[in-house]
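Numbering (my numbering), first residue to last: 7 to 237. Beta carbons: idealized from backbone N, C-alpha and C, even for Gly.
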C-alpha cells in the first residue's frame, strides 16, 4: 500500500498527463504545473485501488486517443467564433494589425469557454475524466461506441459537415453585407462619409452575428455533438 503512494505507476501518470494535455478544456485552462499535480494525484489514486490489472502502453495510447475523441466538440466550437471574425474583418489593414490576431484568439477562447460552461452545467465536462479513472475508455459519443482512429476520423468529418451547414448562413450574410458595403461606398464617397458608414456597418454586423453564434447556434451544436440537452 505504501509503495503505491510513494511510487505511483509511471504508465498511469503518463496516461493521465497525456489526457489532460490533449483534452481541450484542461489544455486551454490549466497550466503545466496544475496538470502535472492532477496527473500525479490520479496516478496515486488508481494505484491504491483494485483495478484488476496493471496499466500497459496500449492503455496509455487509448487514453490519448480518447482525449482526442472527446475534444472534438470543444475544438470545433472554439474554431467557428474566430472564423466569423476573420471573414468579417479581413482586409489589408487588419492583416497587418496585431490586434486582429489577438481578437481572433480571444473569440476562439471565448467560444471554447462557452462550450465548457455548457458541459459543466450538465456534467458532461467531467464524464471523460471519470471514465478514465474507472478504466472505461471504450465508450463513445452517440453512434460511435469504439475507440479507434477510423471512428475518430469519421467523427471529425461528420462534425465538420454539421458545423459547415450551421455556419453557411454566416457566409451568405457576409457576401450580402459585402455587396451592401460596396454600394454604400459608392453612394457616400463624394461626401466623404463612406469611411465612417462602412466601419459602423461592419461593427454592427460583427456584434449581431457573434451574438447569434454565441447564444443560439453554439448551444445547438453542443447538443448535437454531445447528445445531451442543456435545458
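In angstroms, rounded to a whole number, what distance separates the CA positions of residue i and residue j?
i	j	result
residue 46	residue 19	6 Å
residue 138	residue 25	9 Å
residue 38	residue 28	12 Å
residue 41	residue 188	50 Å
residue 232	residue 108	29 Å
residue 220	residue 54	43 Å
residue 164	residue 129	24 Å
residue 71	residue 156	11 Å
residue 225	residue 127	12 Å
residue 115	residue 63	33 Å
residue 181	residue 160	30 Å
residue 140	residue 89	37 Å
residue 52	residue 230	33 Å
residue 69	residue 15	15 Å
residue 166	residue 33	21 Å
residue 174	residue 209	20 Å
residue 213	residue 111	17 Å
Using a threshold of 6 Å, is the CB atom of residue i nearer than that to any non-hydrogen atom of the ligand GTP?
i	result
residue 36	Absence of the ligand GTP is noted for the structure shown, with no ligands found whatsoever.
Report, in whole angstroms, the separation of the C-beta atoms of residue i and residue j, which I expect to be a contact under 8 Å.
i	j	result
residue 80	residue 31	6 Å
residue 86	residue 218	So it is not a contact: roughly 11 Å between Cβ atoms.
residue 185	residue 211	No, residue 185 and residue 211 are not in contact; Cβ-Cβ is about 13 Å, not under 8 Å.
Check whether the Cβ atoms of residue i and residue j sit closer than 7 Å, and answer yes or no.
i	j	result
residue 162	residue 78	yes
residue 22	residue 83	no
residue 50	residue 17	no
residue 176	residue 215	yes
residue 5	residue 223	Any question about residue 5 goes unanswered here, given that the chain covers just 7 to 237.
residue 131	residue 75	no
residue 124	residue 228	yes
With 16 other CB atoms within 10 Å as the buried threshold, where does residue i fall?
i	result
residue 73	buried
residue 118	buried
residue 43	exposed
residue 48	buried
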